[in-house]
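Here's the structure, in C-alpha cells; my notes come after.
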Amino acid sequence: IYKFPKMGVKAKMIAVTTTSGTGSEVTPFAVVTDDATGQKYPLADYALTPDMAIVDANLVMDMPKSLCAFGG
368 IYKFPKMGVK AKMIAVTTTS GTGSEVTPFA VVTDDATGQK YPLADYALTP DMAIVDANLV
428 MDMPKSLCAF GG
C-alpha cells in the first residue's frame, strides 16, 4: 500500500527540457492551455521551480530547425 507524504510537503519535481534556449525548465512559471478554447492561463509561483533540471542533448537533436532558431 502506498503511503502518501504529509500534507503541505511538496513532492520533488524534475523537469526535462525538450527544446533549448528558453531556460523554462528552471523557472517558477508555467502556462496551462484549455484545449477546447485555446485560452492560456499563466501561472507564477516559486513552488513551481523544479528541484532538478535534466538537459539531454539527444532530445533536441531531432527538433525542427525553425523551433531551434526560435529557441535560441
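Numbering (this note's numbering), first residue to last: 368 to 439.
Idealized CB from N, CA, C, for every residue including glycine.
Being a predicted model, the structure only gives us computed values, none of them experimental.
Per DSSP, the continuous alpha helix (DSSP H) segment holding F437 begins and ends at 432 to 438. The DSSP-derived three-state label of A397 is strand.
A straight-line Cα-Cα distance of about 16 Å links V376 and Y369. Around T400, the same chain offers Q406, K407, Y408 as residues with beta carbons nearer than 8 Å, after the five sequence neighbours per side are excluded. Secondary-structure assignment with DSSP links V383 through a beta bridge to I421. For K407, the uninterrupted beta strand (DSSP E) run begins and ends at 407 to 411, by DSSP.
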